[in-house]
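S.K.: Under this note's numbering, think of the first position of the sequence shown as 179, with each following residue one higher.
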Amino acid sequence: MIDYRITREEGFDQRIGELISMLEHTRSVTMEELSGISREELEYMDDPGGNTIASLLMHIAAIEFVHQIISFEERDLTEEEADIWGKAINLGNPANLHYQGLEVDEYLKALQRIRSVTVSSFSQLSDQWLDEERRWGNGVSYNFYYIWYHVMEDEINHRGQIRLLRRKYRERSN
């Protein structure tokens, strides 16, 4: 059952523990949204320029991975990492064609693998780290708190797309 409270996860500083709580709540709702999904639904595309649920799930994993690299290693993706995650990051037809033929469990395992690195990495950090400021190459400032807010924001946005695709798939199938 999903817990509808923001609490501090044990073993973390206060704000990081709350952030983990929000990340985990966001993921729990996403997982609930995928309950009973079929491979056909995962690969359904309503619009030729759109995305499949499978691609959206891998995009969610890719965004979290990229933000791990930015946050915990303070670097950009390597060429090898960009080759692995590029389709998922950019979405569209290349991702839709690439992410086919897997059952939902494979996508969920990818999401869980990435999340376990996030949680483990956060366990080594303090609340003060969240406020540390950096600058993008274009000079725009950011802090790590924003980075992880964006990870949640992105997942929530794409979960809305997943809901819409599932609804359209069911309407088409009836």
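No residue lacks a Cβ here, since even glycine has one placed at the ideal position from N, Cα and C.
On the criterion of 16 or more Cβ atoms from any shown chain inside 10 Å, does Ala232 qualify as buried, or is it exposed?
M.R.: Numbered from 1 along the sequence shown, position 54 holds the residue referred to as residue 232. Buried is the call here.
S.K.: So what does DSSP say about Ser213, is it helix, strand or coil?
M.R.: Along the sequence shown, read from residue 1 onward, the residue named residue 213 stands at position 35. The answer is coil: DSSP assigns Ser213 none of H, G, I, E or B.
S.K.: If Glu242 and Val329 are in contact, beta carbons under 8 Å, what's the gap, nearest whole angstrom?
M.R.: Translated into the one-based positions of the sequence shown, residue 242 becomes position 64. Translated into the one-based positions of the sequence shown, residue 329 becomes position 151. At roughly 5 Å, the Cβ-Cβ gap stays under 8 Å, so Glu242 and Val329 are in contact.
S.K.: Check each candidate in Gly315, Met236, Tyr324 and name the one with the smallest Cα separation from Leu274.
M.R.: Translated into positions along the sequence shown, residue 274 becomes position 96. Residue identity check: residue 274 is Asn in the sequence provided, not Leu. Comparing Cα-Cα distances from Asn274 to each of Gly315, Met236, Tyr324, the minimum goes to Met236.
S.K.: Applying the criterion that 16 or more other CB atoms from any shown protein chain within 10 Å of the CB defines a buried residue, is Leu276 buried or exposed?
M.R.: By one-based count along the sequence shown, residue 276 stands at place 98. According to the sequence displayed, residue 276 carries His and not Leu. Only exposed fits His276, as fewer than 16 other CB atoms lie within 10 angstroms of its CB.
S.K.: Hey, out of Gln192, Glu196, Phe190, Ile215, whose CA is closest to Arg183's CA?
M.R.: For the purposes of this step, residue 183 is taken as the residue at position 5 of the sequence shown. Ranking Gln192, Glu196, Phe190, Ile215 by Cα distance to Arg183 puts Glu196 first.
S.K.: Using 10 angstroms around the beta-carbon of Gln278, count the other beta-carbons present and answer buried if the total reaches 16, otherwise exposed.
M.R.: Along the sequence shown, read from residue 1 onward, the residue named residue 278 stands at position 100. Exposed, because fewer than 16 other Cβ atoms sit within 10 Å of the Cβ of Gln278.
S.K.: Less than 8 Å separating the beta-carbons of Ala239 and Ile267?
M.R.: The residue you call residue 239 lines up with position 61 of the sequence shown. The residue you call residue 267 lines up with position 89 of the sequence shown. Against a cut-off of 8 Å, the Cβ pair of Ile267 and Ala239 comes out as no contact.
S.K.: Have a look at Trp326 and His245 and give me their C-alpha separation to the nearest angstrom.
M.R.: For the purposes of this step, residue 326 is taken as residue 148 along the sequence shown, with counting starting at 1. For the purposes of this step, residue 245 is taken as residue 67 along the sequence shown, with counting starting at 1. When only Cα atoms are considered, Trp326 and His245 end up about 7 Å apart.
S.K.: Would you check if there are 3 or more beta carbon pairs closer than 8 Å linking the stretch 217 to 226 to the stretch 300 to 313?
M.R.: Short answer: they don't touch.
S.K.: What residues match up with Glu311 in a beta bridge as DSSP calls it?
M.R.: Here residue 311 is taken as the residue at index 133 of the sequence shown, counted from 1. In the DSSP output, where bridge partners are listed per residue, Glu311 has Asn321.
S.K.: Looking at the structure shown, is Gly227 part of a helix, part of a strand, or coil, going by DSSP?
M.R.: The residue you call residue 227 lines up with position 49 of the sequence shown. If DSSP states are grouped into helix, strand and coil, Gly227 belongs with coil.
S.K.: Just to confirm, is the Cβ distance from Ile194 to Leu308 under 8 Å?
M.R.: What you label residue 194 is simply residue 16 of the sequence shown in a count that begins at 1. What you label residue 308 is simply residue 130 of the sequence shown in a count that begins at 1. Taking 8 Å as the Cβ cut-off, Ile194 and Leu308 qualify as a contacting pair.
S.K.: Rounding to the nearest angstrom, what Cα-Cα distance links Glu251 and Gln306 in this structure?
M.R.: What you label residue 251 is simply residue 73 of the sequence shown in a count that begins at 1. What you label residue 306 is simply residue 128 of the sequence shown in a count that begins at 1. Near 17 Å, if we compare the C-alpha coordinates of Gln306 and Glu251.
S.K.: Looking at Glu211 and Arg341, is the spacing between their C-beta atoms short of 8 Å?
M.R.: Here residue 341 refers to the residue found at position 163 when the sequence shown is read from its first residue. Here residue 211 refers to the residue found at position 33 when the sequence shown is read from its first residue. Yes, Cβ-Cβ distance for Arg341 and Glu211 is below 8 Å.
S.K.: Using the C-alpha atoms, what's the distance from Arg313 back to Gln339?
M.R.: If you number the sequence shown from 1, residue 339 lands on position 161. If you number the sequence shown from 1, residue 313 lands on position 135. Roughly 31 Å separates the two Cα atoms.
S.K.: Taking Gln290 as part of the alpha helix (DSSP H), name the residues at either end of that continuous run.
M.R.: Taking the sequence shown and counting its residues from 1, the one referred to as residue 290 is at position 112. Residues 282 to 300.
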